[in-house]
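So for the sequence shown, my numbering puts the first residue at 4; every next one is plus one.
The beta carbon of each residue, even a glycine, is placed where N, CA and C say it ideally should be.
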Amino acid sequence: MVTAIGIDIGGSLVKLGVVDGSGKVLARDTVPVHRDIEFADFVHLVTEATEKLSKAHPGIAAIGIGVPGTPNPETGMLNGRCPAIPALLKGSLSKLFAIRFGVPAVVRNDAVSATHGEMRHGAGRPFSRFALLTLGTGIGGAMVIDRKVIDGPDGLPPQFGCISLDPARTDIADPVPGMVENLASARALVNRYRLLEPDTDARNAKTVVDLAKDGDAVALQVVDEVARWLGQMIGIMSNMLNIEAAIIGGGLSLAGPFFTDRIALNVRDFVLLKPGRPPVIVAAEHGNDAGVIGTAALALDMFAPTAKE
4 MVTAIGIDIG GSLVKLGVVD GSGKVLARDT VPVHRDIEFA DFVHLVTEAT
54 EKLSKAHPGI AAIGIGVPGT PNPETGMLNG RCPAIPALLK GSLSKLFAIR
104 FGVPAVVRND AVSATHGEMR HGAGRPFSRF ALLTLGTGIG GAMVIDRKVI
154 DGPDGLPPQF GCISLDPART DIADPVPGMV ENLASARALV NRYRLLEPDT
204 DARNAKTVVD LAKDGDAVAL QVVDEVARWL GQMIGIMSNM LNIEAAIIGG
254 GLSLAGPFFT DRIALNVRDF VLLKPGRPPV IVAAEHGNDA GVIGTAALAL
304 DMFAPTAKE
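Put into structure tokens, the structure is as follows:
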């Protein structure tokens, strides 16, 4: 059985896993980190965890690393900024891990990696053209065209969160006027609910969605508003790129059909209906394992293609 180690780097936690060619996670580990960690300390902690996994599962064929930034596909060095962990700008993780473990390693943007995982082993399997939208503090994701994840020549995926849907808005300070990230992310949903219900204790999107499911009229209004914005966004994407599906990831995906069905109803108002049907709206399948599965799948596809299911 051919396996890879997937490493998903977040601002406060690094997730690692041993993943086989079918996308099954055979073992997991986590490493707490922080924004101000030094590069050498970061590398030491993560290589130590990787070493532990590789010893427990010998025969690792490759290592995939997902980062919250824009890595150069050739060098593994990050371009521009990495506000989550600035120290990652100081070296090439792919080169360091390849030398340390004697197997090929690849570094990709975390959204690109998660999209690859959903394409290969998750909700994207039936589709040749789709978008993955991750709804969290912002809105990220990537596109798949003809079963290939599309990113820019510099490794930067599409900036879905910056799509302008309401440029006349002046109540939110946006880098791009009326950007969807400030209208329809998980953060935006919570902020909108707290604006309408200032005495609420709700601090996260799950709480607001649960209130909506329990019949809270204001929470339901906010969920419907967010679904409307996302329907408009996906309609624009469908009209431009003729996508078959939009896969919803991030924390809001856990709301399931209660949320995705509302988005699907709104998409119909913004998309040119082709013969057949508008884009399918489904929740991502991998949840918290998305980054680990995606980076490992990417590494196996690049360096051990016979491991495909």
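Residue i and residue j closer than 8 Å at C-beta
i	j	result
H60	T6	yes
V229	A222	no
V49	V295	no
G259	A208	no
G297	T118	yes
E184	I142	yes
A299	V22	yes
V106	A52	no
G252	L92	no
G69	R111	yes
W232	L186	yes
A248	V283	yes
F262	V226	yes
A287	E77	no
N82	D157	yes
Separation of residue j from residue i, as counted between CA atoms
i	j	result
M305	I66	10 Å
F130	R150	8 Å
A215	V285	20 Å
A267	G62	44 Å
D11	A90	16 Å
V34	A126	28 Å
M240	N75	26 Å
M182	L138	14 Å
I153	P308	19 Å
H37	R271	43 Å
G238	C165	15 Å
R31	P86	26 Å
L303	M4	12 Å
L257	D217	16 Å
R195	D202	13 Å
G155	V193	32 Å
Buried versus exposed call for residue i [16 or more other C-beta atoms within 10 Å across all chains shown]
i	result
L16	exposed
S57	buried
A220	exposed
S116	buried
A205	buried
A25	Note that residue 25 is Ser in the sequence shown here, rather than Ala. Exposed is the call here.
M80	buried
L198	exposed
K18	buried
P178	exposed
G72	buried
A43	exposed
P281	buried
N245	exposed
D292	buried
In DSSP terms, what residue i is bridged to
i	result
K151	I148
S167	M182
I18	With the sequence shown as reference, residue 18 is identified as Lys, and Ile is not the correct amino acid for it. For K18, which the question treats as bridged, DSSP gives the partners D11, T33.
L138	I142, G253
P74	L81
F42	None; F42 has no bridge partner.
N112	V70
Supposed close pair residue i, residue j - CB separation, criterion 8 Å
i	j	result
S95	T140	Actually they do not touch by this definition, with Cβ atoms about 27 Å apart.
F163	I250	Actually they are not in contact, since the Cβ atoms of F163 and I250 sit about 12 Å apart, beyond 8 Å.
G9	G20	5 Å
I40	I88	7 Å
L168	M236	6 Å
P160	A114	5 Å
Any non-hydrogen atom of the ligand ZN closer than 7 Å to residue i Cβ
i	result
D32	Absent from the structure shown: the ligand ZN. Ligands present: none.
Any chain C beta carbon closer than 8 Å to residue i
i	result
G83	Here chain C cannot be found, since the structure has a single protein chain.
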